[in-house]
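A short worksheet on the structure shown next.
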Amino acid sequence: MADAAVPTLRTHGADDASEGMSFLETLPQRIVRTYIPLFIIIVVLLFPFYWMVITAIKPDEQLIDMEGYNPFFVVKPTFKHIYKLLFETNYPRWLWNTMLISVVATVLSLFASVLAAYAIVRIRYRGAAWVGGAIFLAYLVPPSILFIPLATIIQAYGLFDSPMALILSYPTILIPFSTWLLMGYFKTIPYELEECALIDGASRWQILTKIILPLAVPGLISAGIFSLTLCWNEFIYALTFLSSTENKTVPVAIVSEFVDGDIYRWGSLMAGALVGSLPLVILYSFFVEHYVSAMTGAVKE
Amino acid sequence: MADAALGRAGSMAALPDRSLWARLKSNREWLGAWFMMPTAILLLLFLAYPLVKGIWMSFTDARIGRGGAFVGLENYEWLWDDDVFWLSVFNTLLYTFIASVIKFGIGLYLALLLNRHIPFKAIIRSIILIPFVVPTVLSAIAFWWIFDSQFSIISWSLRHMGLIDTNINFLGDQSWARTCVIFVNIWRGVPFIAITLLAGLQTVSPSLYEAATIDGASPWQNFRHITFPLLTPIIAVVMTFSVLFTFTDFQLIWAMTRGGPVNATHLMATLSYQRGILSGTLGEGAAIATAMVPFLMAAIALSWFGLQRRKWQHGGSDA
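So the protein sequences, as listed, match chains A and B. Everything in the first sequence is counted per this note's numbering, starting at 3 for the first residue and increasing by one. Everything in the second sequence is counted per this note's numbering, starting at 4 for the first residue and increasing by one.
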């Protein structure tokens, strides 16, 4: 008798914290409370990308004539904008610049962070905690305060308008974050492993390269991917330190190169924005878990 | 045992005397110094030195192309009387406050939504982060196009639904421009806040909710007495970062409005760039940038207090 009134317990795997009480919710309630708001939010978050793609493949006449053609759809899509972008502008050069700068800066900062994180967490020299705190504070100094004096310094070193200017400045943004993240990672590696190695006579350098680094590969990947996206996303240093067209990075180039006076070449602009985002999105899609753990790991620490 | 491994070799009498070099190699301070060297060089040269130099520059009349002479507080006096400067301060505070509050609200709501039992959760989580992964400037340009005064899809849709008659001048009207810029900032920031808070939510043990529900707690009470207090440290950290990066935002404004119309969306960072680099008066630009520092220190102090409260969660008493 009572069986009919008792809602059946869902028995499939509980991989989140909500499973416990969710059997009390009926399906209509779930649709209204959860699925519809989620759907609305996702649509708002993703619509600009849909719009970007549509504009990039829309022929010019359809872009301008919004009454004749429904702007939400495309009739006879064209690759003309993307073609123009890739072959008639400096876009490949800009893409190459951005990738080169990002990769070198990331490698440099990872190198410095690994050493620093290991030193603070394991070697624990005098004052290590203070240095750790100082590095954390360094993350809180934003580029928009430093860019003016840095510009004069870069000029003085003769690095103006060269990729080296960015390769050397970006680590100031990347190192604090990576160090912080890697400190958390190194702490999870059991100290016994190092103890054994030390007893067997290994030097610190050997311990670092042969024991710690192989175990910390997920952390390195997370820090690396997050650093790459930070480099690609950086704008103000790139805008200030680079001036000639061939040396620009993708974000700066898109903002300044596609507008002749009052004519905005929207098709090419959107194509440029799309192609500029694609490498990052593809990279991100392969390493989602690492990216998320980098983001949340740093905050949780 | 650990002590012996950590290098106090002198206590074992049977070991031969080690050379100075061998002792030096395992000395902690020596090793530590070498390990810290790359970080120290990069951060000192490109972060600490510019910071100090920037503050010094704000007291000079440096221009692009020539060095500056010390002029004391002249730059600050000039800024004190400058309406555009105060407008940029107001804009920055308005932008930061409104965007952060709404980002927090929507982010928390989204995190709570994602914490429930939904299918394809991992894919949805990945999709939600995409606005945060895509470079800010590129999505700002997409919004620039969406908000274009002639071809805006929003105007088109509203007109065809019969709600308005003429296109909205999104980026040309002062209030509209501010709204649009704040909206884009929210659009970009919500995923970050949501995913981070979600990670925090997942550390809350479900047995707490079960116990409370058995005792008759409503969902709101669950949230207010269990979820929120346990989330406070993460909220403090996340919001500090969010406020910090919103306050010093440059690229979003620059890509969408360049600070216009009529300086309505100029933030302190964009004004600093315009005065310092575009107009060439480096000293003045540095002064504006330095004026941002007090606000930043306040944000840091807030995060520090937020972090201190953690102790009671681990069973200790409030510090």
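Where a beta carbon is used, it is the ideal one built from N, C-alpha and C, also for glycine. The structure presented is a predicted model; accordingly, all values stated were derived computationally and were not measured.
Using the Cα positions of Leu285(B) and Leu142(A), report the straight-line distance between them to the nearest angstrom. Taking the first residue of the second sequence as position 1, residue 285(B) is located at position 282. Taking the first residue of the first sequence as position 1, residue 142(A) is located at position 140. Cα to Cα, the separation comes out at about 23 Å.
Which parts of the region 98 to 152 of chain B are runs of the alpha helix (DSSP H), unbroken and 4 residues or longer, counting only runs that do not cross its ends? 124 to 136, 139 to 149
Whole alpha helix (DSSP H) runs in the region 221 to 279 of chain A with 4 or more residues, listed along the chain? For the region 221 to 279 of chain A, whole alpha helix (DSSP H) runs of length 4 or above, ordered along the chain, are 238 to 243, 252 to 259.
What residues from chain A crowd round Arg69(B), counting only those whose CB sits closer than 7 Å? Residue 69(B) sits at position 66 when you count from the first residue of the second sequence. When 7 Å is used as the limit between beta carbons, Arg69(B) is near no residue of chain A, the shortest such separation being about 11 Å.
Find the residues of chain A that neighbour Ala272(B), judging by a C-beta separation of less than 7 Å, and give them in chain order. One-based indexing of the second sequence puts residue 272(B) at position 269. Contact note: Ala272(B) reaches chain A through Ser146, using a C-beta cutoff of 7 Å and chain order.
Return the residue from the list Pro151(A), Tyr52(A), Phe89(A) that minimises the CA-CA distance to Val61(B). Position 58 of the second sequence holds residue 61(B). Per the sequence presented here, residue 61(B) reads as Ser, with Val not at that position. Out of Pro151(A), Tyr52(A), Phe89(A), Pro151(A) has the C-alpha closest to the C-alpha of Ser61(B).
Taking all protein chains shown into account, do 16 or more other C-beta atoms lie within 10 angstroms of the C-beta of Glu194(A), making it buried, or fewer, making it exposed? Along the first sequence, one-based indexing puts residue 194(A) at 192. Classification for Glu194(A): exposed.
Gly319(B), DSSP secondary structure in three states: Taking the second sequence and counting its residues from 1, one reaches residue 319(B) at position 316. Caution is warranted here: a pLDDT of 44 is assigned to Gly319(B), below 50, making its placement in the model unreliable, and no coordinate value can be reported.
Classification of Gln177(B) by the beta-carbon crowding that lies within 10 angstroms, buried from 16 upward: The sequence position of residue 177(B) within the second sequence is 174, counting from 1. The residue in question, Gln177(B), is exposed, as its Cβ has fewer than 16 Cβ neighbours within 10 Å.
Looking at the unbroken alpha helix (DSSP H) that takes in Lys61(A), where does it start and where does it end? Here the question's residue 61(A) lines up with position 59 in the first sequence. Looking at the sequence shown, residue 61(A) is not Lys but Pro. Neither: Pro61(A) is in no alpha helix (DSSP H) and is coded neither H nor E.
Mind checking Thr298(A): buried by the 16 CB within 10 Å criterion, or exposed? On the first sequence, position 296 is the one that residue 298(A) refers to. Looking at its Cβ environment, which holds 16 or more other Cβ atoms inside 10 Å, Thr298(A) is buried.
Cut-off 6 Å between Cβ atoms - residues of its own chain near Phe146(B), not counting five sequence neighbours on either side: Position 143 of the second sequence, counted from the start, is the residue given in the question as residue 146(B). Counting only Cβ-Cβ distances below 6 Å, and skipping sequence neighbours, we find Val187.
Name the DSSP beta bridge partners of Ala63(B), please? Translated into the one-based positions of the second sequence, residue 63(B) becomes position 60. According to the sequence displayed, residue 63(B) carries Thr and not Ala. Partner(s): Phe73(B).
Three-state secondary structure (DSSP) at Ala6(A)? For the purposes of this step, residue 6(A) is taken as residue 4 along the first sequence, with counting starting at 1. Model confidence at Ala6(A) stands at a pLDDT of 48, short of 50, so the residue's coordinates are unreliable and nothing is read from them.
Contacting residues, own chain, Cβ-Cβ under 6 Å from Phe123(B) (five flanking each side not counted): Within the second sequence, the letter at position 120 stands for residue 123(B). The answer is none, since no qualifying residue turns up.
Short of 7 Å Cβ to Cβ, which residues in the region 239 to 255 of chain A face chain B? Here the close residues are Thr242, Pro253.
Assigned secondary structure, Asn2(A) (DSSP; H/G/I helix, E/B strand, else coil): The requested residue 2(A) does not occur in the structure, where chain A is confined to residues 3 to 303.
Roughly how many angstroms lie between the CA atoms of Pro134(B) and Pro79(A), to the nearest whole one? Taking the first residue of the second sequence as position 1, residue 134(B) is located at position 131. Taking the first residue of the first sequence as position 1, residue 79(A) is located at position 77. Using only the alpha carbons, I get a separation of about 25 Å.
What residues in its chain sit with their C-beta under 8 Å from that of Leu299(B), if we drop five residues either side in the sequence? Locating residue 299(B) in the second sequence gives position 296, counting from the first residue. Same-chain partners within the cutoff: Leu247, Phe250, Thr251.
Please name the residue in Tyr120(A), Val106(A), Ala225(A) whose C-alpha comes closest to that of Leu183(A). Stepping through the first sequence from its first residue, residue 183(A) is reached at position 181. Of the candidates Tyr120(A), Val106(A), Ala225(A), the one whose C-alpha sits nearest the C-alpha of Leu183(A) is Ala225(A).
Work out the CA separation of Gln277(B) and Gly70(B) for me, nearest whole Å. As a working mapping, residue 70(B) is identified with position 67 in the second sequence. As a working mapping, residue 277(B) is identified with position 274 in the second sequence. Answer to the nearest angstrom: the Cα atoms are 19 Å apart.
Top-ranked residue by Cα proximity to Thr268(B), from Phe173(B), Ala304(B), Val55(B): Against the second sequence, residue 268(B) aligns to sequence position 265. Out of Phe173(B), Ala304(B), Val55(B), Phe173(B) has the C-alpha closest to the C-alpha of Thr268(B).
State yes or no: is the beta carbon of Ile144(B) nearer than 8 Å to at least one beta carbon in chain A? Along the second sequence, one-based indexing puts residue 144(B) at 141. Chain A, which has a Cβ nearer than 8 Å to the Cβ of Ile144(B), makes this yes.
Using DSSP with H/G/I as helix, E/B as strand and the rest coil, what is Phe248(B)? The residue labelled residue 248(B) in the question sits at position 245 within the second sequence. Reduced to three states, the DSSP call for Phe248(B) is helix.
List the endpoints of the continuous alpha helix (DSSP H) containing Val133(A). As a first step, residue 133(A) must be located in the first sequence, where it is residue number 131. That run of the alpha helix (DSSP H) goes 130 to 141.
Spell out whether any CB of chain B is found under 8 Å from the CB atom of Val290(A). For this step, residue 290(A) is matched to residue 288 along the first sequence. Val290(A) counts as touching chain B.
Using the three-state DSSP reduction, which class does Pro144(A) fall into: helix, strand or coil? Reading the first sequence from its first residue, position 142 is the one you call residue 144(A). Three-state DSSP puts Pro144(A) in coil, outside helix and strand.
Is Thr191(B) buried or exposed, if buried means 16 or more other CB atoms sit within 10 Å of its CB? On the second sequence, position 188 is the one that residue 191(B) refers to. Sequence inspection shows Arg at residue 191(B); the Thr mentioned does not correspond to that position. The residue is buried, with at least 16 neighbouring Cβ atoms inside 10 Å.
Any chain A beta carbon closer than 8 Å to Thr199(B): As a working mapping, residue 199(B) is identified with position 196 in the second sequence. By this cut-off, Thr199(B) is an interface position.
Once the 5 residues before and after Phe188(A) are set aside, which same chain residues still bring their CB inside 7 Å of it? To locate residue 188(A), count along the first sequence from 1; it is residue 186. Excluding positions up to five away in sequence, the list reads Ala119, Tyr120, Val123, Arg124, Ile214, Ala218.
Find the nearest neighbour of Leu94(B) within the set Val265(B), Ile58(B), Ile198(B), Gln224(B), judged by alpha-carbon distance. Stepping through the second sequence from its first residue, residue 94(B) is reached at position 91. The residue asked about is misnamed: residue 94(B) is Asn in this sequence, not Leu. Of the listed residues, the one whose Cα sits closest to Asn94(B) is Val265(B).
Counting Cβ pairs, one atom from each stretch, are 3 or more of them under 8 Å apart for the region 144 to 164 of chain B and the region 63 to 80 of chain A? yes
Give me the Cα-Cα distance between Ser20(A) and Ile291(B), rounded to the nearest whole angstrom. Within the first sequence, numbered from 1, the residue matching residue 20(A) stands at position 18. Within the second sequence, numbered from 1, the residue matching residue 291(B) stands at position 288. The pLDDT assigned to Ser20(A) is 48, lower than 50, so where the model puts this residue is not dependable, and the model offers no usable value.
Sequence-distant residues of the same chain with beta carbon closer than 7 Å to Val133(A), five excluded per side: Translated into positions along the first sequence, residue 133(A) becomes position 131. Ile122.
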